[in-house]
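Visitor: Using my numbering, the first residue of the sequence shown is number 253, and each one after it goes up by one.
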Amino acid sequence: MKTLVVCYSNSGTTMIVAEYLAQALTADFDVIEEVKPRPPLLYKGERSKAGGGTFVKAVCAALFGRSSRIAATRKDPSQYDLVLVGTPIWAGSVTPAVRSYLRRHRKQLRRVAFFCTAGMPEKSRAFRQMKRLAGKQPMDTVGVKSDDVRTDACPLIIDGFVKNLKAAGQAEHLASVVAPVTRGETHSE
Ligand SMILES: Cc1cc2nc3c(=O)[nH]c(=O)nc-3n(C[C@H](O)[C@H](O)[C@H](O)COP(=O)(O)O)c2cc1C
Numbered sequence: 253m254k255t256l257v258v259c260y261s262n263s264g265t266t267m268i269v270a271e272y273l274a275q276a277l278t279a280d281f282d283v284i285e286e287v288k289p290r291p292p293l294l295y296k297g298e299r300s301k302a303g304g305g306t307f308v309k310a311v312c313a314a315l316f317g318r319s320s321r322i323a324a325t326r327k328d329p330s331q332y333d334l335v336l337v338g339t340p341i342w343a344g345s346v347t348p349a350v351r352s353y354l355r356r357h358r359k360q361l362r363r364v365a366f367f368c369t370a371g372m373p374e375k376s377r378a379f380r381q382m383k384r385l386a387g388k389q390p391m392d393t394v395g396v397k398s399d400d401v402r403t404d405a406c407p408l409i410i411d412g413f414v415k416n417l418k419a420a421g422q423a424e425h426l427a428s429v430v431a432p433v434t435r436g437e438t439h440s441e
C-alpha cells in the first residue's frame, strides 16, 4: 500500500511522531506549512515567550473551527493508497492548518489514518473533526502524550497503530490477488 505521512507541527513534537511513522511504514513524508508561520508557541512544554499573544489567537482559531492559509504541499495525496494525517491538539481540536489540508484534499484521499500529539491526549473530539473534514472513516487512529514522544514509551504506543495499518495493507493486497483467481480471471498459458 503506497503510503504518505503528512503533518502540521508548531514546536516539533508531532513531527517526531510523523518521522517515526514514515520510517516504520516505509512511507513518503510531507509537512503542512502555514503561509504565515506562527512562532513556536511552546518551549519544553510551556508557553513560550516568543509566542506572546499568538498563543491565545491559536487557541481561539482552533476552538472556533477556523482554517488557516496553507502552502501547497510537495506530495500529491491522490497518488497514495493511504494518507496518515497528524496534528497537535489545540483547545481539544484539530489545528487550523490540518483543517485546511483535509478540506483541500478531501476528494483526493482514498484511505486515511490519523495521529495526534497533545499534553493530555483526549483526542476523540479532534479525530471526529478530522473524520468529518476528510469525509471518511480512518483506518486507525493514535494519540501520543507530548511528554512520551521523546521517550522509549513512544515506539510502544505507536507500534500497535503501525501493526494494524500493515496488517490492513497485507489483507488488501491478498484480496487483490485472490479475487481475480476466484473470478477465474487468471491467464493460463
Ligand atoms: C495553542 C495550543 C493549544 C493547546 N491545547 C491543548 C489542549 O487543548 N489539550 C492538550 O492536551 N494539549 C494542548 N496543547 C499542547 C499540544 O497539543 C502539544 O504540546 C503538542 O504535542 C504540540 O505539538 P507540536 O510540537 O507538534 O506543535 C496545546 C498547545 C498549543 C500551542
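The beta carbon of each residue, even a glycine, is placed where N, CA and C say it ideally should be.
These figures come from a predicted structure and were not determined experimentally.
Start and end of the alpha helix (DSSP H) containing Ala324?
Guide: Counting along the chain, Ala324 falls outside any alpha helix (DSSP H), and DSSP gives it neither H nor E.
Visitor: At a cut-off of 7 Å, would you count Ser261 as near ligand 1, judging by its Cβ distance to the nearest heavy atom?
Guide: yes
Visitor: Quick one: complete alpha helix (DSSP H) runs, 4+ long, within the stretch 274-334?
Guide: 306-315
Visitor: So does Leu293 have its beta carbon nearer than 7 Å to some heavy atom of ligand 3?
Guide: Ligands displayed in this structure: ligand 1; ligand 3 is not among them.
Visitor: Going by DSSP, what residues sit across from Leu336 in a beta bridge?
Guide: Val257, Ala365
Visitor: Suppose contacts are defined by Cβ-Cβ distances below 8 Å. Is Glu285 in contact with Ile322 by that definition?
Guide: Contact: yes.
Visitor: Tell me which same chain residues have a C-beta within less than 7 Å of the C-beta of Lys383, skipping the five on either side of it?
Guide: Gln389, Pro390
Visitor: Count the other CB atoms within 10 Å of the CB of His425; is the residue buried (16 or more) or exposed (fewer)?
Guide: exposed
Visitor: Take the Cβ of Val287 as the centre, count every other Cβ of all protein chains shown within 10 Å, and call the residue buried at 16 or more, exposed below.
Guide: exposed
Visitor: Going by the CB atoms, is the gap between Ala370 and Ile410 shorter than 8 Å?
Guide: no
Visitor: To which residues of the same chain is Tyr353 closer than 8 Å at the C-beta, ignoring the five residues directly before and after it?
Guide: Val258, Tyr260, Ile284, Ile322, Thr325, Val337
Visitor: Following a CB-centred definition, is Ser398 positioned closer than 7 Å to any heavy atom of ligand 1?
Guide: Correct: Ser398 has its Cβ closer than 7 Å to ligand 1.
Visitor: Hey, is Ala349 close to ligand 1, as in C-beta under 7 Å from one of its heavy atoms?
Guide: no
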